[in-house]
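Report on the following structure.
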Amino acid sequence: VARDLLDPVKERFPWISYADLWTLAGCVAVEEMGGPWTNAPTTFSNLYFQELLNRHWRKKSWSGPLQYEDKESGKLMMLPTDMALIQDRAFKKWTQLYAQDEQRFFDDFAVAFQKLLELGVNFPVDGPLAA
Numbered sequence: 520v521a522r523d524l525l526d527p528v529k530e531r532f533p534w535i536s537y538a539d540l541w542t543l544a545g546c547v548a549v550e551e552m553g554g555p556w557t558n559a560p561t562t563f564s565n566l567y568f569q570e571l572l573n574r575h576w577r578k579k580s581w582s583g584p585l586q587y588e589d590k591e592s593g594k595l596m597m598l599p600t601d602m603a604l605i606q607d608r609a610f611k612k613w614t615q616l617y618a619q620d621e622q623r624f625f626d627d628f629a630v631a632f633q634k635l636l637e638l639g640v641n642f643p644v645d646g647p648l649a650a
């Protein structure tokens, strides 16, 4: 399961909650794959959670890494990490909650994002992003 990949990060940074890590992992994954994951990818809303629950998804038939596309249009994509949010019971309850309650999503996201901003990100001095 994709969430198991977050365990080493959680061990290294124990003050960061799993909710924060899932949020960060989801943002990074979607950014890396290029989207789109909704019909309004530049609008901050709970549409992502609604699309995830309400559309029918199939594995994309191509030679690239595993992705899912919506059966209705074939224009929206999701990653295995996105699909885990509806396949895993523990994640699905949050996906359903956020799909139904946009303000709750905003509130929870604000707390996680604030923590991310306040704690910052430490990059190795000799890593690929070193000046």
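Residue numbers for the sequence shown follow our numbering, so the first one is 520 and each next one is one higher.
All residues carry an ideal CB built from backbone N, CA and C; glycine is no exception.
Computed from a prediction, not measured in an experiment: that's the story for all the values here.
Three-state secondary structure assigned by DSSP to R574: Here the question's residue 574 lines up with position 55 in the sequence shown. In this structure, R574 counts as coil in the three-state DSSP scheme.
Compute the Euclidean distance between the alpha carbons of I535 and E621, then round it to the nearest angstrom. For this step, residue 535 is matched to residue 16 along the sequence shown. For this step, residue 621 is matched to residue 102 along the sequence shown. Between the C-alpha atoms of I535 and E621 there is a straight-line separation of about 23 Å.
Just to confirm, are P555 and L595 a CB contact at a threshold of 8 Å? As a working note, residue 555 is residue 36 in the sequence shown. As a working note, residue 595 is residue 76 in the sequence shown. Going by C-beta atoms, P555 is nearer than 8 Å to L595.
Using 10 angstroms around the beta-carbon of L540, count the other beta-carbons present and answer buried if the total reaches 16, otherwise exposed. Your numbering for residue 540 matches position 21 in the sequence shown. Burial check for L540: the Cβ neighbour count within 10 Å reaches 16 or more, so the residue is buried.
Three or more C-beta pairs under 8 Å: does that hold for the segment 556 to 570 against the segment 612 to 629? Yes, they touch.
Please state whether DSSP places D589 in a helix, a strand or coil. As a position in the sequence shown, residue 589 is number 70, starting the count at 1. Residue state, collapsed to three classes: strand.
Check whether the Cβ atoms of M602 and W576 lie closer than 8 Å to each other. In the sequence shown, the residue the question calls residue 602 occupies position 83. In the sequence shown, the residue the question calls residue 576 occupies position 57. A contact, by the Cβ cut-off of 8 Å.
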